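Visitor: Attaching a single structure in structure tokens format; questions to follow.
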Amino acid sequence: MISSNIVRAIIIAATLATTCTAEAADLTGAQPAAPAATSQSPWQIRLRALGVITRDSGHVDGVAGSDLSYSNTVIPEFDISYFFNDNIAAELILGTTYAKVHGSGSIAGLGEIGKTWLLPPTLTLQYHFTDFGAFRPYVGAGVNYTMFYNQSGKSAQSLDVKNSFGVALQAGFDYMLDEHWGLNVDAKKIFLRPDFDANVGGAHVSGKANLDPWLIGAGVSYRF
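Mapping of the sequence shown onto mature numbering (1 follows the signal peptide of the UniProt record, and there is no 0): residues -24 to -1, 1 to 200, in sequence order.
This is how it looks when you write it as structure tokens:
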């Protein structure tokens, strides 16, 4: 027969085991759940002040020594970027501005020939460098399609600059202040040389406007 001391020992051991198991379960349940992994949104937007600085070059067909010059402007510009991964992104810039066209060289006497508004959406594919902490430089290349509208002549009776494609090159950087907000500096060179028609003194003339603008911008970035 099992002695009463052995029975008591078995009961005490079982009680201790049950108590320890319950306490361990309580401690395990008290641990906070691991936070779910979050990934940053692929979308980013920027708002910049943009200087549009054109190249003063062009000609009127058949007029020796003819040249053209254009006004420079500063405009607000908005862009949208989509990140395919940490390094590769596509950017679309949106903005509109105007250019006054002046005669130069042998046609300098025409003064201001006319004025045109232009809408130059530009799409670039970018490579972003990610090894510099908050400083995130990038380079890009892409295509521009400039639409000219609301055109008017001044010394010319009419002015019609043709819509045109151009190649765009880009370099810039974001300096991120936190996970979402950053400062941006950006420069683009667009090779844009549209044809134009005009009516000057009742005569039809045509030529090419070598705009080739620099787009120099600075502003803020927001990553969703």
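Don't be surprised by glycine CBs; every beta carbon is placed ideally from N, CA and C.
A quick note: this is a predicted structure, and the numbers were derived from the prediction, not measured.
Between which residues of its own chain and Trp63 is the CB-CB distance below 8 Å, once the five residues before and five after are set aside?
Guide: Locating residue 63 in the sequence shown gives position 87, counting from the first residue. Looking at the sequence provided, one finds Asn at residue 63 rather than Trp. Cβ within range, chain order: Tyr103, His104, Phe105, Thr106.
Visitor: Do Leu101 and residue 203 come within 8 Å of each other at the CB atom, strictly closer than that value?
Guide: Residue 203 cannot be examined here, being either before or after the span of the chain that is shown, -24 to 200.
Visitor: Within 10 angstroms of the Cβ of Ile89, are there 16 or more other Cβ atoms? Answer buried if so, exposed if not.
Guide: In the sequence shown, the residue the question calls residue 89 occupies position 113. Ile89 is buried by the Cβ-count criterion.
Visitor: Check whether the Cβ atoms of Asn186 and Ala132 sit closer than 8 Å, and answer yes or no.
Guide: For the purposes of this step, residue 186 is identified with residue 210 of the sequence shown, where counting begins at 1. For the purposes of this step, residue 132 is identified with residue 156 of the sequence shown, where counting begins at 1. No, they are not a contact pair.
Visitor: Quick one: is Ser33 near chain C, going by C-beta distance under 8 Å?
Guide: Looking for chain C here will not work: only one protein chain is present.
Visitor: Let me confirm a value: Ala40 is counted as buried when at least 16 other C-beta atoms fall within 10 Å, else exposed. Which label applies?
Guide: To locate residue 40, count along the sequence shown from 1; it is residue 64. Ala40 should be labelled exposed.
Visitor: Sort Asp37, Gly183, Val196 by Cα distance to Trp157 and report the nearest one.
Guide: Mapped onto the sequence shown, residue 157 falls at position 181. Ranking the options by Cα distance to Trp157, first place goes to Val196.
Visitor: On the premise that Gly71 lies in contact with Tyr114, defined as a C-beta separation below 8 Å, what is that separation, rounded to the nearest angstrom?
Guide: If you number the sequence shown from 1, residue 114 lands on position 138. If you number the sequence shown from 1, residue 71 lands on position 95. Tyr114 to Gly71, Cβ: 19 Å. No contact.
Visitor: Where does Ala110 sit, in a helix, a strand or coil, going by DSSP?
Guide: As a working note, residue 110 is residue 134 in the sequence shown. Residue state, collapsed to three classes: coil.
Visitor: Taking the straight line between their C-alpha atoms, what separation do you get for His78 and Met152?
Guide: Residue mapping note: residue 78 aligns to position 102 of the sequence shown, counting from 1. Residue mapping note: residue 152 aligns to position 176 of the sequence shown, counting from 1. C-alpha separation (whole angstroms): 42 Å.
Visitor: Give the DSSP-derived three-state secondary structure of Leu86 in the structure shown.
Guide: To locate residue 86, count along the sequence shown from 1; it is residue 110. Looking at Leu86 - three-state DSSP - the assignment turns out to be helix.
Visitor: Taking one C-beta from the stretch 165 to 174 and one from the stretch 16 to 24 each time, how about it: are there three or more such pairs within less than 8 Å?
Guide: In short, these stretches do not touch, since the Cβ pair count stays below three.
Visitor: Please classify Ile69 as buried or exposed, where buried requires at least 16 neighbouring CB atoms within 10 angstroms.
Guide: Reading the sequence shown from its first residue, position 93 is the one you call residue 69. Classification of Ile69: buried, given that the 10 Å Cβ count is 16 or more.
Visitor: Under the DSSP definition of a beta bridge, which residues are partnered with Thr92?
Guide: In the sequence shown, counting from the first residue as 1, residue 92 sits at position 116. Paired residue(s): Ala75.
Visitor: Label Gln7 either buried or exposed according to how many other C-beta atoms from any shown protein chain fall within 10 Å of its C-beta, with 16 as the threshold for buried.
Guide: In the sequence shown, the residue the question calls residue 7 occupies position 31. Confidence at Gln7 is low in this model, with a pLDDT of 46, below 50, so the placement of that residue is unreliable and no value is reported for it.
Visitor: Can you say whether Ser128 is buried or exposed, counting buried as having 16 or more other CB atoms within 10 angstroms of its CB?
Guide: Mapped onto the sequence shown, residue 128 falls at position 152. Ser128 comes out exposed.
Visitor: Mind checking which residues open and close the beta strand (DSSP E) that includes Val181?
Guide: Locating residue 181 in the sequence shown gives position 205, where the first residue counts as 1. Note, Val181: beta strand (DSSP E), 179 to 185.
Visitor: What is the DSSP secondary structure of Lys138, reduced to helix, strand or coil?
Guide: On the sequence shown, residue 138 is found 162 positions in, with the first residue counted as 1. The answer is coil: DSSP assigns Lys138 none of H, G, I, E or B.
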